[in-house]
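Asker: Below you'll find the structure I mean.
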Amino acid sequence: MTEPRPAADLRQQIARALVRYDWNAGLSGRATPSAHHYGEADAVMAVLPARADRATVLRDAADRLDRLGLRDLATRELRRMADEAETGGAR
0 MTEPRPAADL
10 RQQIARALVR
20 YDWNAGLSGR
30 ATPSAHHYGE
40 ADAVMAVLPA
50 RADRATVLRD
60 AADRLDRLGL
70 RDLATRELRR
80 MADEAETGGA
90 R
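Just so you know, the sequence shown maps onto residues 0 to 90 in numbering that gives the first Met the number 0.
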């Protein structure tokens, strides 16, 4: 599973991608993002959903099954997997 990128790294990657597709930057030979590109990257990041790690997703799934009255081996296994994901190894 791929680890999510830290916000600063993601912002940098978005700004760099915007430079590659910025017609004006291409004409000027610009290769690095300007303050304008970082502003656009911030606007993109503002509409992205919040990051969720694997453990959070698994716990949310177990909670949903609990609410549906399906508390059983499946919910216990999801919670075990969440704990494992959080600690980075098998329990």
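From the three backbone atoms N, C-alpha and C, an ideal C-beta is built for every residue, glycine too.
Quick caveat, the model's predicted, so the values are computed rather than measured.
Taking the alpha-carbon positions, what's the methionine 0 to threonine 74 distance?
Answerer: At methionine 0 the pLDDT is 41, less than 50, meaning the model places this residue with poor confidence; the figure from the coordinates comes in the next sentence. Each residue's Cα considered, the two are about 22 Å apart.
Asker: In whole angstroms, what separates the C-alpha of leucine 17 from that of leucine 47?
Answerer: The straight-line gap from Cα to Cα measures roughly 16 Å.
Asker: Determine, using beta carbons only, whether alanine 54 and proline 32 come nearer to each other than 8 Å.
Answerer: No, the Cβ-Cβ distance between alanine 54 and proline 32 is not below 8 Å.
Asker: Please confirm whether alanine 60 and leucine 77 have their CB atoms less than 8 Å apart.
Answerer: Yes.
Asker: The alpha helix (DSSP H) spanning alanine 34 covers which residue range?
Answerer: Per DSSP, alanine 34 belongs to the alpha helix (DSSP H) from 34–46.
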